[in-house]
Amino acid sequence: MKSGIVYLIGAGPGNPDLLTVRARQLIESAEVLVYDYLVHPAFTYLLRPDCERICVGKRAGFHSKSQAEIQEILLAKAGEGKRVARLKGGDPFLFGRGGEEAAALAAAGIAFEVVPGITAAMGAAAYSGTPLTARNTNATLIFVTGHEDPEKPDTTVDWESLPKRNATLCIYMGVGNLDRIATRLLDGGFDKDTAVSCVEWATMGHQRVCRGKLGTISKEARAFGLKAPAIIIVGETAAMGENLSWFEKKPLQGRRFVVTRSQGQASELSSKLEKLGAEVIGLPLISISRNIDPQTMKDVFAEIASYDWLVFSSPNGVRYFFEAFFETFEDIRSLGFLRIAAVGKSTAREIRKFYVTTDLIPDEANADSLADALIKTDSMDSAKILVVAGNLGRDTLIDRLEEARAIVDRFEVYKTEATDLSEHPASKMFREQGADGILFTSSSGVRSFVDQAKFLQLEKDALRPKTLSIGKITSAAMKELGLPVDLQAKEASLDSLVEGVVNRFGKVSSEL
Ligand code: SAH
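Going by our numbering, the sequence shown opens with residue 1304, and the numbers climb by one from there.
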């Protein structure tokens, strides 16, 4: 029997891009993932489909596991010979009880490794423009907890005797006690004019920063509505954030959007929004998997060189088609002299990855425009056309090409199924936090959103997002299913949709 191992992994402060390469590798290969509430749902997209997920999330008022139970889970899973990724927010050895988990593993003789992560204070410092040290003014750096074991009658942090000059304090878990902490620091001799930056949800699209002075910060934080998780940075350098802040200047910073996506696939739209500073929740409403009937595949490939047109209606179709193609043929020239059409730019980009250019892309990315464009080439009469599709594709395209007297074969290469969202971290995050907008890029996305609506009930009605559409076909599906269309992109493209979002929700920014 193979022996198990536990990796105590720091997941960083929240922004998925701040994961280390090592952490990423270990998450990708894990057989069991044990994670906390603060860990971003995006990490689950890295997992193998068969990876077991155990949320031991700590959050007041929610069912969560005790530290002893967590340790038992780690011991039990590693005992079964599994590779366990224990993912913890920030760094595992900093206010995260990673030390206790390591000690329990060591005591049980179970192999473990520790992967450092970017701790919340460093994330908060970088993303709020607050250097933690400075040559002449801040020579000491202190990480301190503002919330100790509530069972203890007295705290062990000696606030009054912390260094009062030339130091930076980074206070973790301090939001609830900010009032008391500030008072004790002032009592200990801190200057009431010492700068303070409170960084809420540091590094995330919805990061907020409350800047003030020690003497008044608890009042300022209350007015600001500061909530956990936040890092409180106290010290002269905290004043520099006014000039050095960069993240807050991004046009969509502070906004949260939902995009529908399929399980296990990267989302181009998410990365476009994230680049502009937005927080993105990717709801994996559907999962897409290869689904090719072996006999059909044999028939299609036997005749492949006899087709005049090869038509792709989605990037997934391209991926699964070429995967199957290269299982049958060794050389791209086996495709013959056919011409290639793609429904839109993203599909054409996917085709390009196989060093193949697309001969025809319609102006608008939808089945009707694709049919129009093909018919306009005047080459449909008696032409043999292979349309690569999934199980859901509308038959408009095929009907219209057949009307134009083409001989059309449909080659189904993948299927789309609903994902179980009941316990998924992304749907949990959506239910609890809502969003500014939800972006629909296809009518099938709208349909699967509505189908899964029971798992997407918001905890508060005020969190309801605006519903945004990429183009008229998606809008029609939204209206048909009872969703308002709050915004429709000028052109049916991701870039145009993003531009619409920036105009509607963005900060006025000179950078744009
Ligand atoms: N091991 C973690 C800390 C866990 S303690 C680390 O190294 O970062 C939990 C505290 O971390 C929270 O109360 C908050 O003070 C801080 N924290 C975690 N994520 C944060 C974030 N994204 N923004 C601000 N503070 C965060």
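Where is the CB? At the ideal position from N, CA and C, for every residue including glycine.
Q: For the region 1393-1465, list the beta strand (DSSP E) runs that are entirely contained and at least 3 residues long, ordered along the chain.
A: 1414-1418 and 1443-1448
Q. If you draw a straight line from the C-alpha of Ala1707 to the C-alpha of Val1614, how long is it?
A. Residue mapping note: residue 1707 aligns to position 404 of the sequence shown, counting from 1. Residue mapping note: residue 1614 aligns to position 311 of the sequence shown, counting from 1. Looking at the two C-alpha atoms, the distance is approximately 15 Å.
Q: Evaluate Gln1598 with the Cβ neighbour count: other Cβ atoms within 10 Å of its Cβ, from every protein chain shown; 16 or more gives buried, anything less gives exposed.
A: Your numbering for residue 1598 matches position 295 in the sequence shown. So Gln1598 ends up on the exposed side.
Q) Considering only residues of the same chain and omitting the five flanking positions on each side of Glu1705, which have a CB-CB separation below 7 Å? A) As a working mapping, residue 1705 is identified with position 402 in the sequence shown. The residues are Val1711.
Q: Tell me whether Ile1773 sits in a helix, a strand or coil according to DSSP, three-state version.
A: Your numbering for residue 1773 matches position 470 in the sequence shown. Of the three classes helix, strand and coil, the one that applies to Ile1773 here is coil, per DSSP.
Q.
Shorter than 8 Å, the distance from the beta carbon of Met1781 to the closest heavy atom of ligand 1, or not?
A. By one-based count along the sequence shown, residue 1781 stands at place 478. Met1781 Cβ: outside cutoff for every heavy atom of ligand 1.
Q. Out of curiosity, what's the CA-to-CA distance linking Pro1282 and Val1418?
A. In the structure as shown, the chain begins at 1304 and stops at 1815. Residue 1282 is therefore absent and cannot be evaluated.
Q: Name the two residues that bound the continuous beta strand (DSSP E) containing Glu1516.
A: As a position in the sequence shown, residue 1516 is number 213, starting the count at 1. Note that residue 1516 corresponds to Lys in the displayed sequence, not to Glu. From DSSP, the beta strand (DSSP E) with Lys1516 extends over Arg1511 to Lys1516.
Q.
With a threshold of 8 Å, are at least 3 pairs of Cβ atoms found where one atom belongs to the region 1520-1528 and the other to the region 1488-1496?
A. no
Q: Go to Ser1702, then tell me how far its alpha helix (DSSP H) extends in each direction, as first and last residue.
A: On the sequence shown, residue 1702 is found 399 positions in, with the first residue counted as 1. According to the sequence displayed, residue 1702 carries Asp and not Ser. Thr1699 to Glu1706 is the span of the alpha helix (DSSP H), which, as asked, contains Asp1702.
Q. Of the choices Glu1726, Leu1579 and Leu1641, whose alpha-carbon is the least far from that of Ala1287?
A. Beyond the ends of the chain as shown, which are 1304 and 1815, falls residue 1287; an answer cannot be given.
**Q.** heavy atom of ligand 1 below 8 Å from Gly1401 C-beta
**A.** Translated into the one-based positions of the sequence shown, residue 1401 becomes position 98. At least one heavy atom of ligand 1 is nearer than 8 Å to the Cβ of Gly1401, so yes.
(Q) Do Arg1559 and Asp1789 count as a contact pair if the criterion is CB distance below 9 Å? (A) One-based indexing of the sequence shown puts residue 1789 at position 486. One-based indexing of the sequence shown puts residue 1559 at position 256. Their beta carbons are not under 9 Å apart, which means Asp1789 does not touch Arg1559 by this criterion.
Q. Under the DSSP definition of a beta bridge, which residues are partnered with Ala1533?
A. Residue numbering aside, residue 1533 sits at position 230 when the sequence shown is read from its first letter. Glu1503, per the DSSP bridge assignment.
Q.
Mapping the DSSP letters down to three states, classify Ala1686 as helix, strand or coil.
A. Indexing the sequence shown from 1 puts residue 1686 at position 383. Here Ala1686 sits in coil by DSSP.
Q) So Pro1554 is in the alpha helix (DSSP H); what residue range does that whole segment cover? A) Position 251 of the sequence shown, counted from the first residue, corresponds to residue 1554. From DSSP, Pro1554 is part of no alpha helix (DSSP H); its letter is neither H nor E.
Q: Could you tell me if Trp1504 is buried or exposed, where buried requires 16 or more neighbouring beta carbons within 10 angstroms of its beta carbon?
A: Here residue 1504 corresponds to residue number 201 of the sequence shown, with the count starting at 1. Buried is the call here.
Q) Should Gln1374 be labelled buried (16 or more other beta-carbon atoms within 10 Å of its own) or exposed? A) On the sequence shown, residue 1374 is found 71 positions in, with the first residue counted as 1. The residue is buried, with at least 16 neighbouring Cβ atoms inside 10 Å.
Q) Given that a residue counts as buried once 16 or more other Cβ atoms are within 10 Å of its Cβ, and exposed if not, what is Ala1363? A) Position 60 of the sequence shown, counting from 1, holds the residue named residue 1363. Note on Ala1363: pLDDT 49, under 50, position unreliable in the model; no value is reported.
Q. When the Cα atoms are used, what is the spatial distance from Gly1748 to Thr1563?
A. Taking the sequence shown and counting its residues from 1, one reaches residue 1748 at position 445. Taking the sequence shown and counting its residues from 1, one reaches residue 1563 at position 260. Looking at the two C-alpha atoms, the distance is approximately 6 Å.
Q | Residue of Lys1467, His1450 and Pro1466 minimising C-alpha distance to Thr1459 | A | On the sequence shown, residue 1459 is found 156 positions in, with the first residue counted as 1. Per the Cα distances, His1450.
Q. Fully enclosed by the region 1313-1396, which alpha helix (DSSP H) runs are 4 residues long or longer?
A. 1324-1332 and 1370-1382
Q. In chain order, what residues of the same chain lie with their CB nearer than 6 Å to the CB of Ile1741, ignoring the 5 residues before and after it?
A. Counting from 1 along the sequence shown, the entry for residue 1741 is found at position 438. So the list reads Val1561, Pro1768 and Thr1770, once near-sequence residues are dropped.
Q: Measure from the alpha carbon of Lys1679 to the alpha carbon of each residue in Ile1688, Ala1668 and Leu1663, then state which is nearest.
A: As a working mapping, residue 1679 is identified with position 376 in the sequence shown. Checked all of Ile1688, Ala1668 and Leu1663; the closest Cα to Lys1679 is Leu1663.
Q.
I'd like to know whether the C-beta atoms of Ala1668 and Val1690 end up nearer to each other than 9 Å.
A. The count along the sequence shown starts at 1 and reaches residue 1668 at position 365. The count along the sequence shown starts at 1 and reaches residue 1690 at position 387. Cβ atoms of Ala1668 and Val1690: not closer than 9 Å.
Q: To the nearest angstrom, report how far apart Met1600 and Arg1636 are at their CA atoms.
A: Taking the first residue of the sequence shown as 1, we reach residue 1600 at position 297. Taking the first residue of the sequence shown as 1, we reach residue 1636 at position 333. Going from the Cα of Met1600 to the Cα of Arg1636 covers about 18 Å.
Q: Return the CA-CA distance between Leu1797 and Glu1404, expressed in angstroms with no decimal places.
A: Stepping through the sequence shown from its first residue, residue 1797 is reached at position 494. Stepping through the sequence shown from its first residue, residue 1404 is reached at position 101. Taking the straight line joining both Cα atoms gives about 45 Å.
Q: Would you identify the three-state DSSP class for Ser1570, choosing helix, strand or coil?
A: Here residue 1570 refers to the residue found at position 267 of the sequence shown. Coil at Ser1570, not helix or strand.
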